[in-house]
Each structure stands twice: as C-alpha cells, then as structure tokens.
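A.B. asks: Quick one: the structure is below, and I'll ask about it shortly.
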Amino acid sequence: MSDVKSKLGTDKLPIGWNGRTLLQMLEDSERAFEETGRYCGIEALALMESDPIGYEKTFAKLRGGLVNARETAMNISASPIVKEIGELCFAFYTPEGDSVALSTGIIVHVHTMSDAIKFMIRKGYEQNPGIAPGDIFTNNDPVIGNVHNADVQTFVPIFWEGELIGWAGGVTHVIDIGAATPGSVPVGPTSRYEDGLQLTALKVGEDDTLHRDHELRCELGVRTPWYWKLDERTRIAGCHMIRDAVERIISEEGVNTFKQFMRDVIEEGRRTFLNRLKELTIPGRYEAPTFNGVPFKDEPRLPQHAQVDNLMHALMVVSIEAGGELELSMDGASPWGYHSFNCTPSAMQGAIWVLLSQTVVPNDKVNDGAYLATRSFFPPGSWTNPQNNSVSTGAAWGFLIPAFTGLYRILGRAFWARGFHEEVMASYGMTMNGMQGGGIDHLGKPCSILNFEISTVGGGACAVKDGLDYAAAMWNPEGDMADVEIWEILEPLIYLGRRIKPNTAGPGKYRGGSGFESLRMVWKTNDLEMQNAGEGLTFSAPGLFGGYPAAAGYRHNVHETDLLKQARANKPYPVREYDPEHSELSALTEGRHLFDKKTTTFPYPFRQGDLYLSWLRGGGGLGDPLERDPQQVTKDVNQDFLLPRYAHKVYGVKLLKNDDGSYSVDDEGTVALRKEIRKKRANRSIPVRTYIKGERQRIQEGNFIEPIRKSYNSCMALCSKWAKYYREFWDLPSDFTFSVGDES
Amino acid sequence: MLKHRARILAVDAGGTMTDTFIVDELGRFVVGKAQTTPENESIGLIKSAEDALCQWDTTTKEAFPHIVAGIYSGTTMLNRLLSRQGLRVGVIVSKGQEDYFLLERGVQTYLGFSYADRLHVVTHHHNDPIVPGRRVRGVFGRIDVFGEEVLPLQEGDARDMVRQLLDEGIEALCVCLLHSYRNPSHEQRIDQIAGELMDERGMNIPVFLSSEYYPVRNDFPRLNTTVIEAYAAQPSRAQLQLVTKRFRECNGKFETRVMASHGGTVGIDTKELARTLISGPIGGVLGARYLARAIGSDDVVCTDIGGTSFDLALVTGGDYAVKPYPDLARFLLCIPMIQIDSVGAGTGSFLRINPGSGRIEIGPDSAGARIGVCWPEGEVTTPTITDCSVALGILDPDYFLGGEIKLDRDRALAAIKDQLADPLHIDVYKAAEGIIELFEENLKGYVASAVLSKGYAPSNYVLLSYGGGGPVHVAGYTKGLDFQDILVPAWAAGFSAYGCACGDFEYRYEATTDLPVPPGSDDDWKVALCTMLNMHCEGLKAKIVAEFEKTTHGSESIEYKTFFRIQYMGQLNDLEIRSPSDRLETARDLDDLLQSFEETYGRVYARAAKSPELGFAITQAIVTGRVDVEKPRLPDETPAGPTPPEAAFKGERKVYWKGEWRIARILDMEALESGNIVEGLAIMESPATTFVIPPGATAELDSHRLFHLRFHQNERDH
C-alpha cells in the first residue's frame, strides 16, 4: 500500500468536498443545523424518497462492511476483553465526524469518536500534521472525546479522487493503560497525570504503517505491551476493512450518490429518533436521582486533600416534548473531585447514546442523527463537565453507571405511561465488583488484570417479567462472562467457584436480574496486588413502581489462609460465600478475613493461597414484592436466587421445607402472612404531609452524616438553579446550607 | 428403458417427513417420501425407500442387495434437544461450578438474534436448562491451566456425589471438570468410582468423560457437548441400530453411515455421535465440493436458499473452513463443524415498512413453510419474498411444487400494495421488483464479504446455487461479482440429500497441544516440537484406526490428512492450517508450517496484523482419516446440441422485469437435454424449483446436468 498516495493523487489541500477545508465543512454543517434544526439543513430526504430501495441497498452494504470488520478483526486480539467479551466497536463517519453507521459492540464510543474527529478538524490537523490517504490517527483522551483512557481509538481517513470521503473509526478496551495502578480502570488517581498513557489525537502512521516511535512509546508505556500491540492491530485491520468496503460501495454507486446518502442517512436517523420517541413515550418532565459513595477518608496512599468521604449526587431530569425532542439535564450534580470518577461531556454523551440505542432506537440504522435529536445540559464544574483538564477521569464509569440508571427509570415511566409495558425496565445492575490488579502472573510474566465478568450483571426488572439474570452490562447489551478456563490462562487466580449470589436482585413483583459470585484463589504467584472496585454504601440500582433496589455491596477477602492445607487433607474448602450472615467462606477457612463494607479499595498485596471474592451485582426490582407469585418466590429460593428467610420477610411467602431439602409454598400461610404484613404497613403509614414535615425538620436540623451534608452544600454552591429548586421544595430559607463542622 | 440398479441410498429423516434419495450406477436418481416415525424411525424410513423404489418398479427386497452405500442424516437428535426430551442425565463438575446450566454464558441469551434484538436488551433470555440443578453435583479437587493438580480429588466426596446422582435415577452420567483436557486423571478416577458403585448396585449406565469425548479447552462448550452426547445422541444409537437391522432384513449388506458436522460420514458405532447432530446443511456443501471437483475446480462458494434462511459456505483448495466452537440451538459447542454462515433471509422472509422510519425491512423472521400471503391455507397476512416473485410472474401460481399447491396471485398483489407499495408511494410492481432486488443485493453482500474476508476474490471461485429458492435468485445475487462459473444442478431442490451421498467415510479427531514456539526458537527446540506434535498425531491416528476397525473397511487403506491450529503467542483465536508435510521431522518442516500459517493469516487479517515477533503457539493437532467409498456418479449424457427440444417448451408468460412487462419463455427443466442453451429472459421450471435466466444471460446444460449461468460481457460489467 506504499503507493496509496500516488494512486489517489492527494497531496494537496483542501481535502474537503467541493474544494472546502474540513473546518469549513464542519462550520457549514453546524451553521445549517443551527439555522434549520435539520442535519446539513436537509429538507427532503431526496434519495430515500426517490429510490427507497436503492437507498436501503446502500445502507445494507455499508452496515455489512462494518459488522464484518468487527467480526473478523476481533480475532486478532489476544485480550479476552476484546475477543471473548466483544469490547470493540467500529463506525463510519462523515468528513466532519458525524457517524453514519456502526457495528455492534461498545457503541458508547460511536459518539466519543465523533468528538475526537471534530477536535482534530478544529485544531487544524488538515494543515498540520496533515491528513492524507494511508494515515493512521489515534486518541484516548477523554477531554477530546472518550470515556476514560483505557478505551483506545484508531481512525483511518478514507479518500476518493483527492477528497476525504469519510473516516473509519475503531475502539477497543485495553487490558492496561499504564496508569498509576494496574488494570485499565485505575481507582486511585486524583489527577489526569496518573491516568496513564495519553494519546491526545495523534497521527501515528502513514502509508498504512504505524510509526515505530509511536509503537515503542506505547510498548514502554503500558504493563502489557503484547496485548496492546495486538489490540492496536485489531483496530487498524478493522478500519482498513471498512475502507475497502466503502471504496467498493463508491465504485458501485458513484461518489455523488454516496455523499448524498451519507447526509440523508443522518437526517433520517434524527427524524426516526423523534418519531420513535413520540411513539413510545408520553411527553413531560421526568426526574430520577442517584447517589454513589466515594469512601477515601482513611486511605493513606492518597494525598491529604483527596482523603475524604464523599457522596456523588446525580439528579437526572429528562424533558420530552410533543414532537419527540428529548433534553437531558444534570443540573444539581456534585462538583468534580480528587478521584478518578469524573466524566467529560463526551463520556456523558456516550452514555446517553448507549442507553438510547438499547431502548428507544435498538436497530441497525442508529447513527449520529439520534445524537442530533437530543439536547443535554451538564453543569460546568460538576463531575459531568469538570471544565478543568487536570482532573482524573480514569474510572469515569464509576459515576456514569449509577447515574444513568436514572435514564432507565425515566424511560420506564414514560413507556409505561404510553402503554409499552414490555419495554419497561427498572435500574440495571452496577457492573461491579471490578476485580482489578497486577503483578507477576503464573507464567512468571508481568500481568495486568481486569476481569470482565462485570459485563454480565443482572438487568432491571421489567413490567411483564423478571430482569435478565447475569447476562448484560449497561455499556454492552451483548454481555458475556467468558469461560473459566479462559480467565485462568490470563490470571494467576484459580476459580474455586462461580455461583449464583442470592439476594443480589432487587425484590419486586418482578425481581431484578440476579448477580453471581466468583471465589478466586491466588495461585503460582506471591507478587500480586489486587483491589476491589464497586459501590457498597448506597443503593445505586433503585427499583421502580414500588420495587426494591438491588443489594449494595461488601468485601470479603481472606489472606494467609489454611485452604491449601485443608484441601490437601481431604477437608471441605469454600467455593462461595452464599449468605454473608452465615458465610461459608468464614466457616470453612481460617485466615485473616477482610470482611467489611470497604468495596472501593486501593491495590493491596496477595500471595498464593489468598482468597478474593468478586461478586457481581443484580438489577432493581419492579412493583410491590407482596404481589409476586408465591410459586416464583419458591423457585427463586430453590435455585439460590433468594435466601429462604427473605421469602418470608420481603415477599410474605410462607415456605414449607420438603424432605429433599427443597421448599414449597404454604398457600394459606402465605395469604395470612401477606395480610399481616399489609396490616403492619397500614399501621405504620402516615399522611404524606406529615412525612414531608418530618423530613423537612430532619433537613433543617442537618440530621445526616457529614458526607451527605457536605455533598448537598457543594451541589447547592455549584448549581444555583438546582439550589433554588431544592430549597423551595423543602420550603427552606433562600440562603439555606447545611452546617458542617470543619467547613466555614 | 434400462432397468435401474440402485447403488446408493441416502436418507434424510426430518421432523415430519423422511426423504430417501436413491442413485443408480449411471447417476440417475429417484426421491421417495414418507412420514417420519420418531418412536421407531426404521418404519418410516423403509416406507420412504419403498416410495422411491416403486417409481423404478422395484422393491426394497429386490433393490437393497445391490446397494453399496447407505447414508443417514436426520434431525431427530436435534429435535430431542430442542423439545428437551432427552435422557435423564446426571452431571459431575468441579465443585463451585454447579450453576453452569443456570448461569450459562451471557452470549447464550442472544445467540442467533438479529442485529436489532442483540441491541434491544429487554428481548434477551436464558435457555431452559437441559439438566436441572438437582442432577448437577460438584466434586472437590482442581487441576490448573498447566494440567497440574492444585487440589486433590476428594474421593469420598466424589463417591457421595455419584451415589446421590444414581439415587436420582439417572440414565447416563457426564463428567466435565476444569482443565480435564490437559489432565484427565480426576475424571478418570470418577469414572472408576462410578463403575464400582454401579457394580455394587448391579446396574450399568453409560459414563461420558469430557476428556475422553471432546478434550478441548473451553469448559462451557465442552460441558454442553458432553452432556448433549449423553442427552440427545445416546438415544439415537438404538434407533440407528434398529435402522441397520431393518436394512439387513431387506437383504441390504451395506454399511450404514451417518453424516457428521465436520463434513465426513462416520459409522453408526462411532464413539462421538453428537458430532452428527448437525447434518442437514452439511450435505449441500459436500455435494457442491464433489460437483465442482468433477468440473475441475477446488474452490467453491456454496449457496443454499430455503424458506427461512440463506446458507453460505466456502470450499477453498478442496477444504472447507471448520469452526471449532460452533453454536446450535442456542448452545455453544465444541464439535468441529463446517463453517456455514446462515442469515435469516429466505424466500419466506417477511417484508415490512418500519412505521418509525418509513424504511423497508426484510425479515429476520419468516413464514417458512407457510410460503406467504399467496397461499391462503398458510394464513399468513404479511407479504414475503415469494409473494413478490408470484406477483411479478416469476413463479407460476399454478405450478408451485409441481402444482401440488395452488397460490393466489391476487392476494399477494393486494398485500404488497397495501403494506409496502402504498406506504412507499410507488407502484405495486415496482415495489415487488425493488424488494426482490434489495433481497438479492443483501445476499450478494454476504457472498462478496464471505469471499473477500478470506482474502480472495470471486474470480478465484465457482459458485453453486441450490435449495428451492437458490435458482430463483442466483442471477440476482451473483451478477457483477465475476465468479469463474455459476452452477445450478438440475436437481437443485434435492441437493442436500444428494450431497450426503457424496460425503467421504471420514473421521476427524483433535487434541489440545498448546505448544509454544517462542521468538528465536533454535532448531533443537523445533525438532523437539516436531516429535511432540507427531506423538499427538499418532494418538489421533490410533483413534481413527479404532473407529475403522469397527467397520468392514479395516485400517489398511486409510488416507490421513494432518492439520494444526496455530496462533501468535497469547492470542485467543487460532487458524486451522493444513500441514505441508505428512510428518514433521526437521526444523525446516516446522518453519514451513509456520510460514503457511503466516500466509493465511496475512490473507485473512491483512498483512499489517502479522505479529511473528510475539512467537507462535500450536494449540491443536487435528488428523482426518478417510477411506474410499462409492459416491454417486455424475450423469454423463451425450450432447444433443444447443437448441432445446420442442417438448421442453411449456409456453410463455408475462414477467415484470426492470420496470416493464416482458414475455418470458417457460421451459421444463427436466426435458432439457445436455448441450442445450437457453437465452434469457427465460424461466425453467421443475416441480421443486424455478430457475430464472435474466435478459442478457444464458444457461447452458452440460453433460452432467449442471447448468452454467453466464452473463453477456456488457451485462457483467454493470
């Protein structure tokens, strides 16, 4: 391919359409949208209307090319995150960086890559470093367009007779990014400078070949260079396959038709989104708050100013207009902090995108048109829009994931209101525990670990059925946990067990999807650092319509165990925790048990024989648990989804124990028990007015733990509109703040 | 007329009908049908054979003694799995893995879904477990990834677990422990324990060890496959023995073989019978390879259109690609299977306009056997591809399945108009034609990307089209792709059954090797590797010999082929590479093997993805062994000249083509003679398929009764 340049004859500027520069194209497009509200100002979808079938044919070819690129290229990677879990995605963009079509996969990135292309255009990359056929660009900078550094993007410009016809883009989640802590989602950094390798929209190759200096820099900058290398080759090969496909389509359809097609498809995507939202929802203003704890108070490895306990606040407000227009506001969000959970607006857009494509527009025609049909507000200075390039975003998902359960609950209500009960889902499960670490592996080689079982947590309960058990992640609907035998190639930890984790699902008439637990034993290494990453202090997967939230979290790891000795003496050893109140792990192993609510920790050392429990969360429930079919409750108990005593306590189901140890329902007992629970509820109930009065008093007295008081104060200080709303709702003085001991 | 002497019998036992395909020594054949009798398949099978043979005025008793080869393929095993009516299986796994069938793998909740549903997470759901939790037991003990014992097997515990399962009244016991493909000792010990316990009870149920049946990495697919072997395949053994017995009673002396997913046929006594779970689509690929070889090509694109799907497979250099971990019926498996890509696009695919976007959608669901709106009895209300073909005059509503079924063209037109043409604001015929073009364009896309993603071009291949819908659309989905040749066998509709008769008598076995070739390996290491690889291959050959020794062929005349699966060190995906030498002896032999891997890799994944600096890993050794068996002879007719005989002309029909009504000549496919050339626009009909030759193209029937579809130069350049 060394003669690409000469073949296509393009060394001269400008490279945009009709003699324009890319910057002119971008500005023209934005101006037209600003003025008309339509993509590039398109009024009629001329191509689609005059030749609906030809239009469809071209789309099929393009999407086929993208899906094929993904399916083929993923085989190059050595990383189970890419190959087994499918954490990669490819898309095709207009010269200005608007996505036209995409493959399956982590489509959260379709819009982040769009931001990166636009960044390069705005910064004058057309002049310097230049954009030519055969070039390769890369980016992983969240400030430019990304969620966190671990998602690495590759771009290849596609030319036709001297003009840039569009871009192929590909992204993979890498195993290690060379951050302050091993694994790809560093929990611990307090600034950008600890987030790992920074690839700030770089040109890294020419003539279809990577620059040697770039390759060396990356190989020396991450802990697992061999995975890095193959992941990068995966992205490049995929982009080149897309380029081939696009060139084929243009040679068949003609370049002018293809150009018009690109425009029409995006505008059509915008209109389709509006129609779809109009069809599925009732207009209105919907609210859903979420919280997430940041417990770093006593973490000695952090700088003094970062050693604080904090509470993330995310109030999501979605307004849906009669025409299907959707606006999402995060006004009221907490300020950014000295932790790695901050997000850039690009990441926030990505999250909106990924959730809408699983709910409102789950089809193969989704593109940036959907982005253009929505509006958003991310308050400057908040964790959703720090406006400060030095903050860390290394584990941006840490806040994104809980915060965006709000969107599911909001859409759930809007779908329900319209009558689309089959589409309703409560909060999805948190993709946690993040089992992360690094050191020397069982082959004696340096390793970096992030176990992607997190892509199979429980889904939210639906309005017509239970949530999906352990099979999806909010960021990738096509979740998979991969085989035990595959993870054991990669990680120096044996699976002692992988079992259903009871009580992880949020109870309800329909329960949330369940999580599971993996008990791992460190094997063939004494040089390993592991951390726990996940929420444990708040209910970040709330239920819907009276359903309960999914279980929060806890940690249980055991050091200096006697397990190997016990097992070799033919004694039983633990393979799961099961019920933390009657822990099998505690009962069957001696050792130093770390059994507490510290679910977000720094890496700490592990040796052969030590145990690490990683349990994956469930989804929120829907509806009153007392309305659940008692037979379903019994089935849940018999299959270990629910501990027997909670059948009684939460569901009001009286169980009978059978001879074989299984349970069945005591029908009469259940009717009586449920009656009794309802009676107790009635006795406990108070008028809403009284309740509000009591809560108001609690607020006035500041009767909360300090991190909550501080969190509210910081939100009020940052977002005056939300502060007014909060104070007015609770009928508080217009200058109300919580009193905080050490804060003036 | 010459008396027919039946030589080959191929049986396809479907869920409802059993088809038999009998070939004589000149390659002439006859097809029979009878209802499938699931409780004793041999009854339906013999009836079906009688139905075929009576067309040749003979009987099973008279014909069977001359038959030299009998091949069985069927869906009963698959149906048993789908309807969850298999054996009562007990399963032993590593302690802590007892929830395998509930947890599954996330991917099994959306396997086979359309693109839209893969995104639409609310549609994902788990499978019903094939083994309930109470019949799954875990045993203490662990082996690691190197095959080393981490924790010893606790025998007392194992004994308890087996005892508990026997108490559950199980009919078969499966054992699948972690990393048993590297070290089977724990599984083997459990086998002994189970044997002892069964002796104590005076009982005997079969035990299936994953390390013995499917010893390859990936615990969940290995468990699925081992369990399916016991659950669904084991009951078929008795059926197959009954079938053989009935053949003997009819004086048949031939050996019965079963089509296996790797593309060979195996004896009914084969150990791993689950390998025959998937046989239907395999036959077509074998038939295609056989035909292409007969006309001198080893590179074939096999395309099959049925009512619900479009199946596509590639034969390159005489070999088809084999998928080591295919999925079937929403199960991940580790049975090597010919790579056949299936997309939900068949002649019965539903056509709709998306109400949100106003755009056309084809499938992915279909009317299947209910054809379309044009068949009132099918009670379908959404138009299908077949409805469009009927509307345009391409299909004769009075000659569907040879006139067995009458179709209603007006119903089809009305549905297309109301549901498709009017919302698109276009004429009903334009809509119908456009949709067929879109359908064919999509298929063309699949064909092109299948060839291109292998790193080849269509001009390297011959394309073969079969299945009821293949010849209707073949011109549409091949035009402009520039294949070497496009073939349509005159017996396209019965092609899969025919293909089964073309299968080699061939076994294939794999062994996990996991041998590293680090960068800069010296010759000594390479020679040592050769020795180790040869040892694996010898072990596999011994398995093949053992299988052939159960047959009348013995082990004398076995032809072996050796393959290795290779990857760059650390990768998770490998490629199957034919070994350039039969036996690896020298460092040079190993280099040649790696060289061949690199060439293939560069072709498939682009040169830039080659990564030899990481070193290589040889992950599996594979040996196939085949013996010669009789296959159908291709018809060899004397050329009769280019002009079709008068008797072949059935008349003329108006067909809507490129926006106008044109007169198409209608020919009887079976009355055409070798050497005849038919110019488009023409439509050839046989009871089970219709072959469309567009304007600007010709179809020439050769002496083997294969049509060659050719586009005139100016048409091809389009």
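Taken in order, these protein sequences are the chains called A and B. All you need for this note's numbering is the position in the first sequence, starting with 1, plus 129. All you need for this note's numbering is the position in the second sequence, starting with 1, plus 5. The beta-carbon is built from N, C-alpha and C at its ideal position, and this holds for glycine as well. Since the model is a prediction, treat every value here as computed from it, not as a measurement.
Expressed to the nearest angstrom, what Euclidean distance is found between the alpha-carbon atoms of E675/B and T23/B?
C.D. replies: Position 670 of the second sequence holds residue 675/B. Position 18 of the second sequence holds residue 23/B. Roughly 24 angstroms separates the two Cα atoms.
A.B. asks: Looking at the C-beta of I440/B, does it have a partner C-beta in chain A at a distance below 8 angstroms?
C.D. replies: Taking the second sequence and counting its residues from 1, one reaches residue 440/B at position 435. By this cut-off, I440/B is an interface position.
A.B. asks: When the distance is taken between beta carbons, is R222/B closer than 8 angstroms to P341/B?
C.D. replies: Position 336 of the second sequence holds residue 341/B. Position 217 of the second sequence holds residue 222/B. Against a cut-off of 8 angstroms, the Cβ pair of R222/B and P341/B comes out as no contact.
A.B. asks: CA-CA distance, A235/B and R628/A?
C.D. replies: As a working note, residue 235/B is residue 230 in the second sequence. As a working note, residue 628/A is residue 499 in the first sequence. The alpha-carbon atoms of A235/B and R628/A are separated by roughly 24 angstroms.
A.B. asks: Do you know how far the Cα of R803/A is from the Cα of R813/A?
C.D. replies: Your numbering for residue 813/A matches position 684 in the first sequence. Your numbering for residue 803/A matches position 674 in the first sequence. About 15 angstroms.
A.B. asks: Going residue by residue through the region 74-162 of chain B, where are the continuous beta strand (DSSP E) segments of at least 3 residues, counting only ones entirely within it?
C.D. replies: 74-79, 94-99, 141-144 and 154-156
A.B. asks: Closer than 9 angstroms by beta-carbon distance: list the chain B residues that pair up with T401/A, in chain order.
C.D. replies: For the purposes of this step, residue 401/A is taken as residue 272 along the first sequence, with counting starting at 1. Near T401/A (Cβ distances below 9 angstroms), the residues of chain B are N359, G361, S362, G363 and R364.
A.B. asks: To the nearest angstrom, report how far apart G257/B and V96/B are at their CA atoms.
C.D. replies: Residue numbering aside, residue 257/B sits at position 252 when the second sequence is read from its first letter. Residue numbering aside, residue 96/B sits at position 91 when the second sequence is read from its first letter. Between G257/B and V96/B, the C-alpha separation is close to 40 angstroms.
A.B. asks: Where in the region 245-278 of chain B do unbroken runs of the beta strand (DSSP E), each at least 3 residues long, occur, reported from the N-terminal end onward?
C.D. replies: Taking 3 residues as the minimum length, the beta strand (DSSP E) runs contained wholly in the region 245-278 of chain B are 261-264 and 269-272, in order along the chain.
A.B. asks: Select from A455/B, G450/B, S454/B and D392/B the residue whose C-alpha is nearest the C-alpha of Y434/B.
C.D. replies: Reading the second sequence from its first residue, position 429 is the one you call residue 434/B. The option with the nearest alpha carbon to Y434/B is D392/B.
A.B. asks: With DSSP collapsed to three states, give me the class of V479/B.
C.D. replies: Stepping through the second sequence from its first residue, residue 479/B is reached at position 474. Reduced to three states, the DSSP call for V479/B is helix.
A.B. asks: What residue from S190/B, S185/B, P226/B and A238/B has the CA that sits closest to P211/B's CA?
C.D. replies: Position 206 of the second sequence holds residue 211/B. When each option's Cα is compared against that of P211/B, the closest is A238/B.
A.B. asks: Given this structure, state the Cα-to-Cα distance separating A846/A from P509/A, to the nearest angstrom.
C.D. replies: What you label residue 846/A is simply residue 717 of the first sequence in a count that begins at 1. What you label residue 509/A is simply residue 380 of the first sequence in a count that begins at 1. Their backbone Cα atoms lie some 12 angstroms apart in a straight line.
A.B. asks: Might you give, ordered along the chain, the residues of its own chain that have their beta carbon closer than 7 angstroms to the beta carbon of M6/B, omitting 5 neighbours on each side?
C.D. replies: Residue 6/B sits at position 1 when you count from the first residue of the second sequence. At M6/B, the pLDDT of 45 sits below 50, so the modelled position is not reliable and the matter cannot be decided from this model.
A.B. asks: Give me the chain E residues within the contact set of T308/B, using Cβ-Cβ distance strictly less than 9 angstroms, ordered along the chain.
C.D. replies: Among the protein chains of the structure shown, namely A and B, there is no chain E.
A.B. asks: Could you name the residues that DSSP lists as bridge partners for V456/B?
C.D. replies: Walking along the second sequence from the start, residue 456/B turns up at place 451. DSSP lists no partner for V456/B.
A.B. asks: Would you call the region 661-681 of chain A and the region 707-722 of chain A in contact, with 3 or more CB pairs under 8 angstroms?
C.D. replies: no
A.B. asks: How would you label A11/B, buried or exposed, when you count the other beta carbons within 10 angstroms and need 16 or more for buried?
C.D. replies: Indexing the second sequence from 1 puts residue 11/B at position 6. When all chains shown are included, A11/B counts as buried.
A.B. asks: For N132/B, which residues in chain A fall below 8 angstroms Cβ to Cβ?
C.D. replies: Here residue 132/B refers to the residue found at position 127 of the second sequence. Ordered by position in chain A, no residue passes the 8 angstroms Cβ test against N132/B, which lies about 11 angstroms from the chain.
A.B. asks: Under a CB-based cut-off of 8 angstroms, is L178/B close to chain A?
C.D. replies: In the second sequence, counting from the first residue as 1, residue 178/B sits at position 173. No, L178/B does not count as interfacial toward chain A.
A.B. asks: Under 8 angstroms between beta-carbons, which chain A residues line up against P157/B? List them in chain order, please.
C.D. replies: If you number the second sequence from 1, residue 157/B lands on position 152. In chain order: A696, R697 and N699.
A.B. asks: What three-state label does DSSP hand I464/A in the structure shown?
C.D. replies: In the first sequence, the residue the question calls residue 464/A occupies position 335. The sequence given here has Pro at residue 464/A, not Ile. Three-state DSSP puts P464/A in a strand.
A.B. asks: With a threshold of 8 angstroms between beta-carbons, can V16/B be considered close to chain A, or not?
C.D. replies: Residue numbering aside, residue 16/B sits at position 11 when the second sequence is read from its first letter. Closer than 8 angstroms: no.
A.B. asks: Measure from the C-beta of C591/A to each C-beta in chain B and report whether the shortest distance is under 8 angstroms.
C.D. replies: Taking the first sequence and counting its residues from 1, the one referred to as residue 591/A is at position 462. Yes, because at least one Cβ of chain B sits closer than 8 angstroms to the Cβ of C591/A.
A.B. asks: Cα-Cα, which of F506/A, R392/A and G738/A is closest to T473/A?
C.D. replies: Translated into the one-based positions of the first sequence, residue 473/A becomes position 344. Distance from the Cα of T473/A is smallest, within the candidate group F506/A, R392/A and G738/A, for F506/A.
A.B. asks: Determine, using beta carbons only, whether L359/A comes closer than 8 angstroms to chain B.
C.D. replies: As a first step, residue 359/A is located in the first sequence; it is residue number 230 there, counting from the start. Output row for L359/A: interface = yes.
A.B. asks: Using C-beta distances below 6 angstroms, list every residue in its chain close to I792/B, excluding the 5 sequence neighbours before and after it, in chain order.
C.D. replies: Within the shown structure, residues of chain B are numbered from 6 to 723, placing residue 792/B beyond reach of any answer.
A.B. asks: Strictly by DSSP, which residues pair up with L293/A?
C.D. replies: Position 164 of the first sequence holds residue 293/A. Note: L293/A sits in a beta bridge opposite F288/A.
A.B. asks: Among all the DSSP beta bridges, which residues are the ones paired with R628/A?
C.D. replies: Here residue 628/A refers to the residue found at position 499 when the first sequence is read from its first residue. Answer by DSSP bridge pairing, in chain order: E646/A.
A.B. asks: So which residues of chain B does N606/A contact, with C-beta pairs closer than 9 angstroms?
C.D. replies: Translated into positions along the first sequence, residue 606/A becomes position 477. According to the sequence as given, residue 606/A is Pro; it is not Asn. Those are Y115, R123, L124, H125, V126 and H129, listed as they occur along chain B.
A.B. asks: For the pair the region 412-431 of chain A and the region 475-492 of chain A, tell me if three or more CB-CB distances fall below 8 angstroms.
C.D. replies: Remark: fewer than three beta-carbon pairs, one from each stretch, lie closer than 8 angstroms, so the region 412-431 of chain A and the region 475-492 of chain A are not flagged as touching.
A.B. asks: Going by beta carbon distance, what residues of the same chain come within less than 6 angstroms of F581/A, once the five residues before and after it are set aside?
C.D. replies: The sequence position of residue 581/A within the first sequence is 452, counting from 1. Cβ neighbours of F581/A within its own chain (closer than 6 angstroms, five residues either side excluded): I210 and I214.
A.B. asks: Quick check: is the beta carbon of N229/B nearer than 8 angstroms to any beta carbon in chain A?
C.D. replies: Start at 1 with the first residue of the second sequence, and residue 229/B comes out as number 224. Between N229/B and chain A, the shortest Cβ-Cβ separation is not below 8 angstroms.
A.B. asks: Please decide whether L83/B counts as near chain A, where near means a Cβ-Cβ distance under 8 angstroms.
C.D. replies: Sequence index remark: in the second sequence, residue 83/B carries index 78 (1-based). For L83/B, the answer is no, since every Cβ of chain A falls outside 8 angstroms of its Cβ.
A.B. asks: Which of the three DSSP states, helix, strand or coil, is assigned to Y295/B?
C.D. replies: Within the second sequence, residue 295/B is the residue found at index 290, counting from 1. Helix at Y295/B.
A.B. asks: Between which two residues does the alpha helix (DSSP H) containing Q761/A stretch?
C.D. replies: Here residue 761/A refers to the residue found at position 632 when the first sequence is read from its first residue. P759 to N767 is the extent of the alpha helix (DSSP H) around Q761/A.
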